[in-house]
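Chemist: Counted from 1, the sequence shown has number 1020 at position 62 by our numbering; the numbering is strictly sequential.
For each residue, glycine too, the CB sits at the ideal point set by N, CA and C.
As the structure is a computational prediction, the values presented were derived from the model and not from experiment.
Take a look at this one; I'll ask things after.
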Amino acid sequence: MAEKKAPLCPHCGQEMKKWRVPIASTWPNEFFYVCFNDECPYFVQGWERMWEQQATRASYRCRIDPDTGKSAPLPVWSYDALKDDIIE
């Protein structure tokens, strides 16, 4: 059986990467698909939006739950945050 192809980011069109969900998290998934494109408008605009709405220096990346297909933000505190857990 062929492995499922990674989805494209709905914000920038780049192929998303498998990202390992931390063991201590409350998510039931083993992984999410995450857009790690540092030029993705969702990520780029997130810095200003988080500052304006939350007064915090953070952004978010688009993540897709492989079980449901639903997308949601994945908070990040730097450009390199969470990249160590990319598995594909």
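Using the Cα positions of ASP1042 and TRP977, report the straight-line distance between them to the nearest angstrom.
Modeler: 9 Å
Chemist: Note down, in chain order, each residue of its chain lying with its Cβ closer than 8 Å to the Cβ of THR1014, except the 5 sequence neighbours on either side.
Modeler: MET1008
Chemist: Alpha carbon to alpha carbon, how far is PRO965 from PHE990?
Modeler: 11 Å
Chemist: Could you please give me the residues that DSSP links to PRO1031 through a beta bridge?
Modeler: CYS1020
Chemist: Under 9 Å, Cβ to Cβ, is there at least one residue of chain D near VAL1034?
Modeler: Given the protein chain composition of this structure (a single chain), no chain D is represented.
Chemist: Return helix, strand or coil for PHE989, following the three-state DSSP convention.
Modeler: strand
Chemist: When burial is assigned at 16 or more other CB atoms within 10 Å of the CB, is SER983 buried or exposed?
Modeler: exposed
Chemist: Pick out whichever of ILE981, GLU988, LYS1028 and ASN995 has its Cα sitting closest to the Cα of VAL1034.
Modeler: Closest by alpha carbon: ASN995.
Chemist: Using DSSP's beta-bridge definition, name the partner residues of LYS975.
Modeler: VAL992
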